[in-house]
Amino acid sequence: MSTIIKNNRLFQEIRADGGQRALLIILEARGFQVTDAVRERVTACTNMETLELWAARAVQAETLGEVFGEG
Numbered sequence: 687m688s689t690i691i692k693n694n695r696l697f698q699e700i701r702a703d704g705g706q707r708a709l710l711i712i713l714e715a716r717g718f719q720v721t722d723a724v725r726e727r728v729t730a731c732t733n734m735e736t737l738e739l740w741a742a743r744a745v746q747a748e749t750l751g752e753v754f755g756e757g
């Protein structure tokens, strides 16, 4: 594996980690109960588009179902 690919993969992991942390902070600040299951769901997601979508929804959602597109 080339250094460029390794560096890009590392960059994507770091970026996703930041997105996951931001989403968890938003959820907690909004008063949502961040259970182990919710935390696992968020930290398992490495797709930035999905994390950004969830974060945008979390700002106005009234339920976790709305955040994750289930409500």
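Position one of the sequence shown corresponds to residue 687 (our numbering), numbered consecutively onward. Where is the CB? At the ideal position from N, CA and C, for every residue including glycine. Quick caveat: nothing in here was measured; it's all calculated off a predicted structure.
| Asked | Found |
| --- | --- |
| Nearest-angstrom Cβ-Cβ length linking Gly705 and Glu756, presumed shorter than 8 angstroms | Not confirmed; about 20 angstroms, so no contact. |
| Ala744 classed as buried or exposed, judged by whether at least 16 other C-beta atoms fall within 10 angstroms | buried |
| Option in Gln719, Leu750, Met734 and Ala715 with minimal Cα separation from Ala702 | Met734 |
| Residue burial classification, Ala741 (beta-carbon count within 10 angstroms, cutoff 16) | buried |
| Given Ala715 as reference, the closest of Gly751, Phe754 and Gln746 once Cα atoms are compared | Gln746 |
| Best match in Leu709, Gln719, Gly717 and Arg725 for proximity to Thr736 [C-alpha to C-alpha] | Leu709 |
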